[in-house]
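Since the structure comes first, as structure tokens, the remarks are kept for the end.
Numbering (the working numbering), first residue to last: 14 to 461.
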């Protein structure tokens with residue numbers, strides 16, 4: 014379906030109609046980032062996609078009339094299409110000189126017929142059917158940039174310097190590949206803690222400590238998604254890196270820091286012995302796996318995604334933001350994001366795409382969309398200006414400022430697999446922290 018916006022005719026063909034037509038799309042993702050539905054767009058069901066969305070080859074539409082200008086946007090179905098977004102697209106269409114037609118497509122993520130697979134297939138056989146702009150997560154951006162599917166944001170495709178200057182450092186990092194900027198981060202997804210105040214942990218206006226020592230003394234159960242088929246789970250990885258572990262290099266290789274690993278495994282050994290953590294955590298591979306337990310209050314403390322937390326707050330519960338437990342209780346987070354990328358390869362379309370990105374990245378517009386979609390904006394002022402009833406902005410600002418970029422699942426290889434197995438053996442009581450650390454050393458050795 015094509016959505017047309019004209020400056021001379023201000024009628025807006027509502028994107029919510031598109032969302033209804035595409036509500037049959039199957040939700041599929043290679044991760045849990047921003048996977049929760051919102052009240053604005055019903056959660057996709059398992060019914061088949063319309064032909065234009067499910068076909069493996071890119072769809073080819075009738076060309077626009079000679080006097081029409083078109084901006085083709087592919088929007089990932091994991092991000093909500095809200096009333097606020099609809100209004101912003103309409104406003105952009107009518108502010109463009111002579112008007113512009115917006116061709117808006119809701120697209121799958123992470124499987125056949127999704128954004129990446131369609132770009133790979135269509136960029137050579139049907140380039141005219143490709144989008145001008147779309148949104149990607151970090152792992153896909155690295156692949157797309159490496160394969161030449163998207164344009165670097167430099168020269169004629171450079172966005173406003175004020176936009177770049179307003180981004181969090183982590184937002185810039187997420188959009189970079191091979192020392193060049195390819196993605197303009199729009200929405201952030203942070204991994205952090207959340208808890209419900211109870212008589213045991215409610216200390217009034219004081220701030221709870223989140224060091225390993227504080228967590229063990231408080232004796233409050235700690236749930237996190239510890240299951241992982243590839244590599245090590247993200248909570249354990251964040252704690253390891255915060256304790257002094259070395260992040261992967263550009264090739265994805267990691268070296269073992271035995272002191273950092275022993276420190277984290279010792280915490281989990283003590284947590285398991287005290288009953289704060291048990292092996293049920295390995296049943297969860299994503300925070301969304303225990304969403305119902307969070308909503309019902311069965312769980313009162315857990316690691317969540319920022320979109321989950323904002324959804325819980327929107328439901329009216331008194332969930333409080335918290336860091337993930339670390340050695341010293343530092344406010345750190347592991348962050349992914351949705352980055353705007355430019356696919357258009359003609360100067361005219363690239364120029365239109367840049368103007369669109371500058372429009373969407375206006376601080377107030379970005380804040381408004383982020384709040385309406387229960388997401389985090391990538392610009393410092395946009396996040397700091399969010400509704401304080403929805404988010405404790407000072408703490409989230411600190412978490413994002415001190416955050417670490419998400420790693421591709423393939424990073425670390427043998428080391429991360431060995432680390433994950435060590436954690437499993439310690440939590441289940443099969444090995445001590447010292448024994449499990451030695452097991453990892455026996456597999457990967459010690460760096461000189």
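We put the beta carbon where it would ideally sit given N, CA and C, even for glycine. Fair warning: this is a prediction, and the values are worked out from it, not measured in the lab.
- The alpha-carbon of residue 378 is positioned some 46 Å away from that of residue 271.
- Per DSSP, the beta bridge partners of residue 118 are 87.
- In this structure, DSSP gives residue 420 a state outside helix and strand, which the three-state scheme calls coil.
- Per DSSP, residue 150 is one residue of the beta strand (DSSP E) stretching across 146–150.
- Listed in chain order, the alpha helix (DSSP H) runs fully inside the region 188–256 are 225–231, 247–255, counting runs of at least 4 residues.
- Measuring C-alpha to C-alpha distances from residue 312 to each of 207, 173, 341 identifies 207 as the nearest.
- Ranked by Cα distance from residue 91, the options 85, 135, 149 are led by 149.
- Proximity of the region 304–321 to the region 185–204 meets the contact definition, three or more beta-carbon pairs being nearer than 8 Å.
- Taken atom to atom, the span from the alpha-carbon of residue 439 to that of residue 419 is near 25 Å.
- If you check the CB distance, residue 331 and residue 209 come in under 8 Å.
- Inclusion of residue 190 and residue 159 in the CB contact set at 8 Å is warranted, their separation being smaller than that value.
- Counting the other CB atoms within 10 Å of its CB gives residue 441 a total below 16, which places it among the exposed residues.
- Note that the region 133–148 does not touch the region 169–176; fewer than 3 beta-carbon pairs, one per stretch, sit closer than 8 Å.
- With respect to residue 355, residue 102 sits apart: the two C-beta atoms are not nearer than 8 Å.
- Here residue 268 carries a coil assignment [DSSP, helix/strand/coil].
- Nearest C-alpha to residue 358 among 417, 146, 114: 146.
- Membership of residue 413 in the alpha helix (DSSP H) is indicated by the continuous run 406–414.
- Counting of Cβ neighbours within 10 angstroms places residue 255 among the buried residues, the total reaching 16 or more.
- In the three-state reduction of the DSSP assignment, residue 314 falls in the strand class.
- Burial is judged here by how many other beta carbons sit within 10 angstroms of a residue's own beta carbon; residue 360 has fewer than 16 and is exposed.
- Cβ neighbours of residue 289 within its own chain (closer than 8 Å, five residues either side excluded): 228, 229, 232, 233, 234, 235.
- Classified as exposed, residue 81 has fewer than 16 neighbouring CB atoms from the shown chains inside 10 Å of its CB.
- Among the bridge pairs identified by DSSP, residue 335 is matched with 206.
- Contact between residue 416 and residue 301 fails: their C-beta atoms lie close to 20 Å from each other, not under 8 Å.
- Within the same chain, Cβ atoms closer than 7 Å to the Cβ of residue 87 are found at 118, 120, 128, 144, 147, the five residues on either side in sequence being excluded.
- Of the other Cβ atoms in all chains shown, fewer than 16 fall within 10 Å of the Cβ of residue 401; this residue is therefore exposed.
- Between residue 280 and residue 239, the gap from beta carbon to beta carbon reaches 8 Å or more.
- Fewer than three beta-carbon pairs drawn from the region 240–259 and the region 363–373 are found closer than 8 Å, and the two stretches are therefore not classed as touching.
- In the three-state reduction of the DSSP assignment, residue 168 falls in the helix class.
- Where residue 350 is concerned, the enclosing beta strand (DSSP E) starts and stops at 347–355.
- For the pair residue 299 and residue 387, the CB atoms are not nearer than the 8 Å cut-off.
- Listed in chain order, the non-local C-beta contacts of residue 310 below 8 Å within the same chain comprise 209, 330, local neighbours out to five positions each way being set aside.
- Residue 98 and residue 211 have their C-alpha atoms spaced approximately 38 Å apart.
- Here residue 111 has no same chain residue with a Cβ atom under 6 Å from its own Cβ, once five neighbours each way along the sequence are excluded.
- If the five residues before and after residue 334 are omitted, its C-beta is found closer than 6 Å to the C-beta atoms of 405, 408, all from its own chain and listed in chain order.
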